[in-house]
Amino acid sequence: RPEEIADLALFLGSDESSAITGQAVVIDGGLLNEINLTGVPPLS
């Protein structure tokens, strides 16, 4: 969603993001929340 990209751009341009360095920020609409990369079954 375009607003997610805009929100990230605003955050990265603010003083609140001053401690963030060398990070790749993924905006995927929650896709990574649905993928189990650990091999451990979910609790719910």
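Counting along the sequence shown from 1, when you hit position 6 you're at 6 in my numbering, and nothing is skipped either side. Quick reminder that beta carbons are idealized off the backbone N, C-alpha and C, glycines included. These numbers come from a predicted model, not from an experiment.
Taking C-beta separations shorter than 8 Å and ignoring five residues to either side along the sequence, the partners of Ser17 in its chain run Phe11, following chain order. Secondary structure at Ala9: helix, using DSSP grouped into helix, strand and coil. The continuous alpha helix (DSSP H) containing Asn33 extends over residues Leu31 to Glu34. Spanning the alpha carbons of Glu34 and Asp7 requires a straight line of approximately 22 Å.
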